[in-house]
Every structure is written in structure tokens, then in C-alpha cells.
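So the sequence shown is numbered by this note's numbering: it starts at 22 and just counts up by one. C-beta atoms are modelled at their ideal positions from N, C-alpha and C, and glycine is treated no differently. A quick note: this is a predicted structure, and the numbers were derived from the prediction, not measured. Shown next, in C-alpha cells, is the structure this report addresses.
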Amino acid sequence: MKFIYITCNVSMLETLTLLLNEMEYADYQVIEQVTAMSRWGEPRQNTAVWPGYNSAIIVQEVDPMKAKGLIGEINEMNAAAFNNSELVAAYMWGIEEYTVVKPVE
């Protein structure tokens, strides 16, 4: 199991959720308003001094190759970014154990 944490300017959230849907990801959560500091852009603290905010997406994926494919797509998006506000950060790590969730019938 792979766990992928993605964070981006809220302006990129729709682009990323469309990508996840195109790649047929079924297990992910979206946190819409995340205040953030980063090395490559202005702080986004959702205040008058530092307006704006980030969003975060948390993805769980069993197939490691599919997870690597997502990271690859994000790297391509970053290579084509027009400015720093379009950059997306993504981090992936392995999960040792997890519960198997099965729908109740």
C-alpha cells in the first residue's frame, strides 16, 4: 500500500481531482483549506497579510506502479508550470499495515 500526500494552491485543486478521476483513483480525501508555508512561494495563511490557502489531497493506492504513475504525472505538471502558484508538492511512502475495508452487504 502506498500513501501519497499532495499539497497545492487551491487554484490547482480541480486540476488534481480531475487527474485522479482520469487515472481511476477511488480512495482519496480532500482537505480544502490548508494554511501553508513553502520555500518556493509566498505564505498562504488565509489572512489579510498573507491571503490565500492551499488544499491537500491524501491518496491510498495498493498498486505501487499506479502510485508512481501519479507522481510522474505531477512531475510533468510541475515542469509545465507557468508560475510558482501552479507548483504541486507530492510525497509518497509505504504503509506497513492497514485495515481491509469491505462494504457491508
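Check	Outcome
Residues near D48 in its chain [Cβ-Cβ closer than 8 Å; skip 5 each side]	V80, Q81 and E82
Cα-Cα separation, S106 to V125	42 Å
Coarse secondary structure for V83, derived from DSSP in three states	coil
Selection from E94, E43, V121 and Y26 that minimises the alpha carbon distance to V51	Y26
Through-space distance from L40 to L61, alpha-carbon basis	What sits at residue 61 in the sequence shown is Trp, not Leu. Cα-Cα distance, rounded: 23 Å.
Alpha-carbon to alpha-carbon, A100 and G115	25 Å
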